[in-house]
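Residue numbers are given in UniProt numbering: position 33 of the sequence shown equals residue 33, and the series is strictly consecutive.
Glycine included, each C-beta is placed from N, C-alpha and C at the ideal position.
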Amino acid sequence: MRVAFVGKGGSGKTTLSALFARYTASRGASVVAVDADINQHLGMALGLDEGALPRPMGSHLTEIKEYLRGDNPRISSASAMVKTTPPGRGSRLLRLDAQDDPIHTGFSVATPEGPRLMVTGPFSEDDLGVACYHSKVGAVELYLNHLVDGAGEYVVVDMTAGADSFASGLFTRFDLTFLVAEPTRQGVSVYRQYRDYAADYDVPIAVVGNKVHGPDDVAFLRDQVGDDLLVCLEHSAAIRAMEQGRPFTLGDLEPANAAALATILGRLDAQEKDWDRFGRQAVLFHLRNAEAWANRATGEDLAAQVDPGFVFGPTRVSLSR
1 MRVAFVGKGG SGKTTLSALF ARYTASRGAS VVAVDADINQ HLGMALGLDE
51 GALPRPMGSH LTEIKEYLRG DNPRISSASA MVKTTPPGRG SRLLRLDAQD
101 DPIHTGFSVA TPEGPRLMVT GPFSEDDLGV ACYHSKVGAV ELYLNHLVDG
151 AGEYVVVDMT AGADSFASGL FTRFDLTFLV AEPTRQGVSV YRQYRDYAAD
201 YDVPIAVVGN KVHGPDDVAF LRDQVGDDLL VCLEHSAAIR AMEQGRPFTL
251 GDLEPANAAA LATILGRLDA QEKDWDRFGR QAVLFHLRNA EAWANRATGE
301 DLAAQVDPGF VFGPTRVSLS R
């Protein structure tokens with residue numbers, strides 16, 4: 001399953017992404033956590049020092065594209081491959097359990113409590129003033145387009161703050177999106193944007209209340225988001241200690257917050273995997289991007305990259321050719 005954590009800046013989505021990744025790994029699952037936020041803090045929240053972070057995917061797009069395109073005859077070169085390019089017959093697909101996959105082995109590292117971490121990477125000095133962060137996040141979109149995740153496997157993505165992910169098709173690449181909201185008017189404003197944008201694309205959303213101090217906060221969130229409110233996490237001294245860099249394990253969590261993580265995982269596990277929708281939307285957003293800018297940028301008609309004979313799904317595709 002693929003899950004995104006989104007929310008207003010400061011809502012705690014990075015912390016929740018890290019806690020959920022740790023919790024899910026502690027249950028014996030295979031977990032990859034991906035930092036797709038412009039502010040790269042997920043590694044720190046997972047207990048890594050800055051010097052231990054993996055190679056940034058966003059700085060090695062050509063290398064990633066060259067591998068993923070494989071011998072797909074519809075993709076003429078890595079330079080003709082854009083962030084929305086869908087896989088086709090001949091493309092190299094990815095599995096979390098692969099032992100010799102150069103994407104996972106080359107762009108991820110293990111964290112102390114089990115999840116592996118991948119990062120888009122921050123802006124470099126050469127990017128400042130001339131580059132858009134979506135070009136880096138495009139590495140995550142390509143990764144998810146080519147990933148065939150199976151039972152007991154989870155990809156947890158910490159997204160950029162606000163509704164910025166709607167600038168590409170990345171928001172449709174998930175089985176479920178958890179929107180982290182504080183019990184304030186500002187905290188629920190991003191929820192309304194996400195709900196309205198996502199409604200046309202059948203993107204499932206559940207709201208996780210965060211930094212809740214009591215029943216009045218819960219009542220406020222319930223009034224604002226209705227049945228989309230899944231669970232709330234209490235204001236937590238243990239989580240604050242983690243955010244301050246003090247020693248932390250999942251066992252330090254308050255019982256109510258540990259139970260909330262179990263509720264979040266249960267909701268994700270109950271979500272139906274819809275490979276047909278995933279494939280349709282991958283093609284839809286690729287064709288939109290091709291027409292809007294990518295054809296001009298590459299000098300090719302990128303609609304030709306769509307392989308009508310390719311079917312998404314782990315039991316129906318070959319992982320290599």
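Item: Cutting at 7 Å between CB atoms, please list the residues of its own chain near R316, excluding the five before and the five after it.; Value: Confidence at R316 is low in this model, with a pLDDT of 49, below 50, so its placement is unreliable and the value that follows should be read with caution. Result list for R316: empty, nothing under 7 Å.
Item: Indicate whether L221 and A181 have their beta-carbon atoms separated by less than 9 Å.; Value: yes
Item: If you drop the 5 nearest sequence neighbours on each side, which residues of the same chain put their C-beta closer than 7 Å to that of G90?; Value: G70, D71, N72, P73 and R321
Item: For P115, which residues from the same chain have a beta carbon less than 6 Å from its beta carbon, with the 5 sequence-adjacent residues on both sides left out?; Value: A21, A25, V31 and A33
Item: Give every residue of the same chain whose Cβ lies closer than 6 Å to the Cβ of S80, excluding the five residues on either side of it in the sequence, and list them in chain order.; Value: According to the sequence shown, residue 80 is Ala rather than Ser. Cβ within range, chain order: T298 and E300.
Item: Taking the straight line between their C-alpha atoms, what separation do you get for I38 and G226?; Value: 30 Å
Item: Between residue 323 and P86, is the Cβ-Cβ spacing less than 9 Å?; Value: Given that the chain is displayed from residue 1 to residue 321, the structure contains no residue 323 and the question cannot be resolved.
Item: What's the gap between the Cα of Q193 and the Cα of D228?; Value: 14 Å
Item: Given 8 Å as the limit, is there contact between the region 171 to 178 and the region 269 to 283, that is, 3 or more CB pairs closer than that?; Value: yes
Item: Determine, using beta carbons only, whether A18 and A36 come nearer to each other than 9 Å.; Value: no
Item: Under a three-way DSSP split, which group does I75 fall into?; Value: coil
Item: What residues in its chain sit with their C-beta under 6 Å from that of V155, if we drop five residues either side in the sequence?; Value: R2 and V32
Item: At a cut of 8 Å, does the region 236 to 244 reach the region 147 to 154 through at least three beta carbon pairs?; Value: no
Item: Please report how far the alpha carbon of T105 lies from the alpha carbon of Q281, in whole angstroms.; Value: 28 Å
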